[in-house]
Amino acid sequence: MGSLETNPAAVFLAFAADDKAPFQPLNPEDVRAYLHKAVDFISDYYTNVESMPVLPNVKPGYLQDELRASPPTYSAPFDVTMKELRTSVVPGMTHWASPNFFAFFPSTNSAAAIAGDLIASAMNTVGFTWQASPAATEMEVLALDWLAQLLRLPTTFMNRTTSGRGTGGGVILGTTSQAMLVTLVAARDAALRRSGSVGVSGLPRLTVYAADQTHSTFFKACRLAGFDPAHIRSIPTGQETDYGLDPAKLLEVMQADVDAGLVPTYICATVGTTSSNAVDPVGAVADVAAMFKAWVHVDAAYAGSACICPEFRHYLDGVERVDSISMSPHKWLLTCLDCTCLYVRDAHRLTDSLETNPEYLKNGATDSGEVTDLKDMQVGVGRRFRGLKLWMVMRTYGTVKLQEHIRSDVAMAKMFEDFVRADHRFEVVVPRNFALVCFRIKASGGMTEEAADEANRVLMNKLNKTGKAYLAHTVVGHRFVLRFAVGSSLQEERHVRSAWELIKETTIFVPFYELHQGV
267 MGSLETNPAA VFLAFAADDK APFQPLNPED VRAYLHKAVD FISDYYTNVE SMPVLPNVKP
327 GYLQDELRAS PPTYSAPFDV TMKELRTSVV PGMTHWASPN FFAFFPSTNS AAAIAGDLIA
387 SAMNTVGFTW QASPAATEME VLALDWLAQL LRLPTTFMNR TTSGRGTGGG VILGTTSQAM
447 LVTLVAARDA ALRRSGSVGV SGLPRLTVYA ADQTHSTFFK ACRLAGFDPA HIRSIPTGQE
507 TDYGLDPAKL LEVMQADVDA GLVPTYICAT VGTTSSNAVD PVGAVADVAA MFKAWVHVDA
567 AYAGSACICP EFRHYLDGVE RVDSISMSPH KWLLTCLDCT CLYVRDAHRL TDSLETNPEY
627 LKNGATDSGE VTDLKDMQVG VGRRFRGLKL WMVMRTYGTV KLQEHIRSDV AMAKMFEDFV
687 RADHRFEVVV PRNFALVCFR IKASGGMTEE AADEANRVLM NKLNKTGKAY LAHTVVGHRF
747 VLRFAVGSSL QEERHVRSAW ELIKETTIFV PFYELHQGV
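If you use this note's numbering, the sequence shown corresponds to residues 267 to 785, in order.
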């Protein structure tokens, strides 16, 4: 009759009968069997991902063509599900875990994080209040305070200090976008109260500020928080400040707004911008903000992880004078998505804007004032047990190993930067602060800047089509620039060297380079 996997009739007969049995989705033996197979898949995936094309060669809608367009009526063996995962889903994946992935800031991972996420998913707790799951809340608070100590944040940002409960606090959210949104709402409400607004009548007068290198999600969050798009200030940056925010320009713009009867409300300073890894001067920005009583938020989503190393901590100098800071361990601290840590200096300013207190959630622990209900520091009510994986990463690897991980990536990025600088065909466009190198084929000889832009675009496309590496681009100073981001958890020096060799070889076959260099 053949195996179940190869004989559809046998599958139907076996599992149509099985569908009549009581449904037990958490049958302990099924849990054990399914997870063993899933763990084997994951282990094999990490073993083999290096040999897979980083970018898939699929077309939109491909998966619906390969898998059934309608949900199945009857159950199927888990082996069938896993087979379809291998044959249809994996070939359509962009492999962020590949050591040949250099396109975007990494989404790092680790065995400890995967284990923590798996256990948290299995427990499936919904820790909206302390009472709903005391350990989930306590674990999140503990993990955040541990990370705050690694970053040497002031105790004013901690949930608990050696002397007891702190005035500030933290919460783990899904993304930086959420961190920006909730702090924008808190800053908005504070500014409305400060300006004597009746309700939200003063909202059209509120203004917010950021450098033009700030992540686009900031401008989206501003609109979601109700700020008038005409009062969202994107302050131009340039080469003279390495594309960081100029405090003098910020002061000039904010003063002009005050003179026009507007109310400066919020400034977003970034440590490690997505486009070029620029760093805004945190302390100087905080000094300007203080003149106008504006909220300062620091977006350290990517580079915040580097600040656990003493040699990078100076990028956060002045943080004691800001109102909030967020960083994402899912980018560079070996903690899988999603995990963004938001710290606020005065937790009440956040909870006053976000608190909900329906009758069905009232309880003695909340009423005592001795606990933190994390639902009041986020948009929604339900929340995942994210603190477990972050704690497991820090508990398992310790500070020294995490610092070693950061330093290794930075060293590989510096090596790549040195390769670029040693090749007369290329240039490094902006200083490398962390593990991102922004480079390009430079305009030289008879090549115009426009032709160089096109040459770099062609080079990137050719590289990505090989499947052997994946790079992305940005525009800095009106120039098309390639981004080489080191940091995938499986990356080693040999992968960076191989990528550079591929770049050199591919450049020879870029038409615009041939035309203008006579190659």
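Beta carbons: idealized from backbone N, C-alpha and C, even for Gly. Values in this document were obtained by computation on a predicted structure and should not be read as measured data.
inquiry  = Looking at S541: is its Cβ nearer than 8 Å to the Cβ of A566?
reply    = Taking the first residue of the sequence shown as position 1, residue 541 is located at position 275. Taking the first residue of the sequence shown as position 1, residue 566 is located at position 300. In this structure, A566 does not lie closer than 8 Å to S541 by Cβ.
inquiry  = Rounded to whole angstroms, what is the Cα-Cα separation between Q757 and E316?
reply    = One-based indexing of the sequence shown puts residue 757 at position 491. One-based indexing of the sequence shown puts residue 316 at position 50. Straight-line Cα distance between these residues: approximately 9 Å.
key: G784 versus R691: straight-line alpha-carbon distance, rounded   = Translated into positions along the sequence shown, residue 784 becomes position 518. Translated into positions along the sequence shown, residue 691 becomes position 425. Any answer about G784 is weak, because its pLDDT of 43 lies below 50 and its placement is not dependable; what the coordinates show is given next. Approximately 13 Å between the Cα atoms of the pair.
request  = Closer than 6 Å by C-beta to V355: which residues in its own chain qualify, once you throw out the five before and the five after it? Chain order, please.
outcome  = In the sequence shown, residue 355 corresponds to position 89, counting from 1. Same-chain partners within the cutoff: there are none.
task = Let me know the secondary structure DSSP gives H563 once reduced to three states.
result = Within the sequence shown, residue 563 is the residue found at index 297, counting from 1. Of the three classes helix, strand and coil, the one that applies to H563 here is strand, per DSSP.
request  = Rank T421, L528, R650, C602 by C-alpha distance to the C-alpha of S399 and give the top, closest one.
outcome  = Within the sequence shown, the letter at position 133 stands for residue 399. Residue R650 is the option with its Cα nearest to S399.
key: the segment 636 to 656 / the segment 471 to 491 touching (three or more Cβ pairs under 8 Å)   = no
key: Reduced DSSP category for C607 - H, G, I as helix; E, B as strand; rest coil   = Start at 1 with the first residue of the sequence shown, and residue 607 comes out as number 341. DSSP places C607 in strand when its eight states are reduced to three.
ask   = L410: which of W362, L608, N727, D633 sits nearest, CA to CA?
value = Locating residue 410 in the sequence shown gives position 144, counting from the first residue. Ranking W362, L608, N727, D633 by Cα distance to L410 puts L608 first.
task = Between the Cα of R352 and those of S373, A363, A304, L702, spot the shortest distance and give me the residue it belongs to.
result = Position 86 of the sequence shown holds residue 352. The candidate whose alpha carbon is nearest that of R352 is A304.
request  = Alpha carbon to alpha carbon, how far is R587 from H761? Give it in angstroms, no decimals.
outcome  = Start at 1 with the first residue of the sequence shown, and residue 761 comes out as number 495. Start at 1 with the first residue of the sequence shown, and residue 587 comes out as number 321. Rounded to whole angstroms, H761 to R587 spans 41 Å at the Cα level.
task = Specify, as a first and last residue, the run of the alpha helix (DSSP H) that Y328 falls within.
result = Here residue 328 corresponds to residue number 62 of the sequence shown, with the count starting at 1. Residues 328 to 332.
message = Assuming V537 and A569 are in contact, meaning their beta carbons sit under 8 Å apart, how far apart are those beta carbons, in whole angstroms?
response = Taking the first residue of the sequence shown as 1, we reach residue 537 at position 271. Taking the first residue of the sequence shown as 1, we reach residue 569 at position 303. V537 to A569, Cβ: 5 Å. Contact.
query = In its own chain, which residues sit with a C-beta less than 8 Å from the C-beta of K708, not counting the 5 before and 5 after it?
reply = Translated into the one-based positions of the sequence shown, residue 708 becomes position 442. These residues qualify, in order along the chain: R691, F692, E693, A718.
task = Report the option in V776, L516, F775, A496 whose CA atom is closest to the CA atom of A503.
result = Position 237 of the sequence shown, counting from 1, holds the residue named residue 503. Reading off the sequence shown, one finds Thr at residue 503, where the question assumed Ala. Closest by alpha carbon: L516.
ask   = Who are the Cβ neighbours of L600 in its own chain at under 8 Å, not counting the five residues just before and after it?
value = Position 334 of the sequence shown, counted from the first residue, corresponds to residue 600. Once the five neighbours on either side are set aside, the close Cβ partners of L600 are T374, N375, S376, A378, A379, V659, Y663, L668, H671, S755.
ask   = Leaving out five residues before and five after D589 in sequence, what residues of the same chain have Cβ atoms less than 8 Å from its Cβ?
value = One-based indexing of the sequence shown puts residue 589 at position 323. Cβ within range, chain order: T449, A453, W561, V562, H563, V610, R611, D612, R615.
task = With a threshold of 16 other CB atoms inside 10 Å of the CB of Q444, please say whether the residue is buried or exposed.
result = Along the sequence shown, one-based indexing puts residue 444 at 178. Buried, since its Cβ has 16 or more Cβ neighbours within 10 Å.
task = Answer with buried or exposed for K641, where buried requires no fewer than 16 other C-beta atoms within 10 angstroms of its C-beta.
result = Locating residue 641 in the sequence shown gives position 375, where the first residue counts as 1. Burial call: buried.
task = Please name the residue or residues paired with S500 in a DSSP beta bridge.
result = For the purposes of this step, residue 500 is taken as residue 234 along the sequence shown, with counting starting at 1. Per DSSP, A476.
message = On a Cα-Cα basis, can you pick out the residue from V666, P288, V320, E295 that is closest to T732?
response = Sequence index remark: in the sequence shown, residue 732 carries index 466 (1-based). Comparing Cα-Cα distances from T732 to each of V666, P288, V320, E295, the minimum goes to V320.
query = When DSSP labels each residue in this structure, what does Y312 get in the three-state scheme?
reply = Here residue 312 refers to the residue found at position 46 when the sequence shown is read from its first residue. In the structure shown, Y312 sits in a helix (DSSP, three-state: H, G or I).
ask   = For E506, which three-state DSSP category applies?
value = Residue mapping note: residue 506 aligns to position 240 of the sequence shown, counting from 1. The answer is helix: DSSP assigns E506 an H, G or I state.
N366 to H302 span [Cα, whole Å] = Mapped onto the sequence shown, residue 366 falls at position 100. Mapped onto the sequence shown, residue 302 falls at position 36. Computed Cα separation, rounded: 28 Å.
message = Could you give the first and the last residue of the continuous beta strand (DSSP E) run that contains R706?
response = To locate residue 706, count along the sequence shown from 1; it is residue 440. From DSSP, the beta strand (DSSP E) with R706 extends over 702 to 707.
message = Here's the rule I'm using: 16 or more other beta-carbon atoms within 10 Å means buried, otherwise exposed. How should D383 be labelled?
response = Locating residue 383 in the sequence shown gives position 117, counting from the first residue. Buried is the call here.
request  = Have a look at F775, S336, M681 and flag the residue whose alpha-carbon is nearest the alpha-carbon of L725.
outcome  = The count along the sequence shown starts at 1 and reaches residue 725 at position 459. Here the closest residue by C-alpha is F775.
Where the beta strand (DSSP E) through L748 begins and ends = Numbered from 1 along the sequence shown, position 482 holds the residue referred to as residue 748. Start and end: 745 to 751.
ask   = So is R418 buried or exposed if we call it buried at 16+ other beta carbons inside 10 Å?
value = As a working note, residue 418 is residue 152 in the sequence shown. So R418 ends up on the exposed side.
task = Consult DSSP for L801 and reduce its assignment to one of helix, strand or coil.
result = Outside the displayed range of the chain (267 to 785) lies residue 801, so it cannot be described from this structure.
task = Could you tell me if S309 is buried or exposed, where buried requires 16 or more neighbouring beta carbons within 10 angstroms of its beta carbon?
result = Your numbering for residue 309 matches position 43 in the sequence shown. Exposed, by the Cβ-count rule.
message = Quick check: the Cα distance between I498 and M318, rounded to an integer number of angstroms?
response = Within the sequence shown, residue 498 is the residue found at index 232, counting from 1. Within the sequence shown, residue 318 is the residue found at index 52, counting from 1. Going from the Cα of I498 to the Cα of M318 covers about 43 Å.
Per-residue DSSP class, three states only, for Y340 = By 1-based counting over the sequence shown, the position of residue 340 is 74. Looking at Y340 - three-state DSSP - the assignment turns out to be coil, as it is neither helix nor strand.
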